[in-house]
Each structure stands twice: as C-alpha cells, then as structure tokens.
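Visitor: Numbering (this note's numbering), first residue to last: 5 to 114. Backbone N, C-alpha and C define an ideal beta-carbon position, used for all residues, glycine too. Since the model is a prediction, treat every value here as computed from it, not as a measurement.
1. Report all residues from its chain with a CB closer than 6 Å to the CB of residue 40; omit the five preceding and five following residues, and keep chain order.
2. Give the DSSP-derived three-state secondary structure of residue 63 in the structure shown.
3. Give the C-beta separation of residue 95 and residue 111 to the nearest angstrom, bearing in mind that I take them to be a contact with Cβ-Cβ under 8 Å.
4. Could you tell me which whole alpha helix (DSSP H) segments of length 4 or greater appear in the stretch 42-100?
5. Quickly, what does DSSP pair residue 19 with across the bridge? List them, please.
6. Tell me which residue opens and which closes the beta strand (DSSP E) that residue 106 is part of.
7. Quick one, which of 105, 49 and 6 has its alpha-carbon nearest residue 24's?
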C-alpha cells in the first residue's frame with residue numbers, strides 16, 4: 005500500500021491520474037454516465053495503445069507489455085499458518101486488541 009500523503013511511492017499511478025485530470029479539464033460536462041464511460045474508455049485506449057511514455061523509451065505501454073507467465077484460475081489460495089500460531093482479527097477501523105490493549109492503524113482497515 006501507498007502511505008497516505010506519499011504519492012512519490014506510486015509515481016506512475018499518480019502520473020496517470022494527472023494526465024487524466026488534464027485531459028478531462030479540456031472536455032465539457034458529460035450528458036450521461038454512458039457518455040462519460042465511452043470518453044474514459046477512449047482516453048484509456050489512447051493512453052495505453054498510442055501515447056508515447058518517456059519511461060518506456062517513448063513507446064506506448066502496449067508495445068512493451070507482456071502477459072504474466074502465471075495463469076490465474078480465479079481462486080485465492082488459502083493462507084497457511086505455522087502450527088501454534090496465534091491469529092488476531094483486525095477491526096474495520098484498523099483496531100487490534102492484544103493483552104487488553106488496543107492498537108490502531110488506518111493502514112490495516114477492513
């Protein structure tokens with residue numbers, strides 16, 4: 005996860021959002037959600053298929069992308085824990101109770 009307030013940890017993603025924001029600032033209000041989705045789909049195609057990216061030697065991402073050699077079967081593998089390991093549940097607000105004390109962390113929410 006990227007720490008809150010630290011966009012430099014995910015610069016590529018932040019750069020994509022900046023490009024999207026600039027492109028949308030040159031567009032009038034959309035008449036409907038399907039119209040907005042069509043525009044966003046077109047922008048995504050241009051961004052990934054046509055637009056050269058400096059980080060990729062002026063190639064669009066689609067020119068250098070290769071599929072993963074690993075196949076995804078849609079199933080999340082079961083997590084294994086060592087015998088005798090204690091398991092704790094993190095609450096919705098990132099809270100964890102341990103030995104009568106409560107610890108909080110927004111990074112662990114959910």
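Guide: Reading it off the structure:
1. 34
2. strand
3. At roughly 13 Å, the Cβ-Cβ gap does not stay under 8 Å, so residue 95 and residue 111 are not in contact.
4. 65-68
5. Residue 19 is not bridged to any residue.
6. 105-108
7. 49
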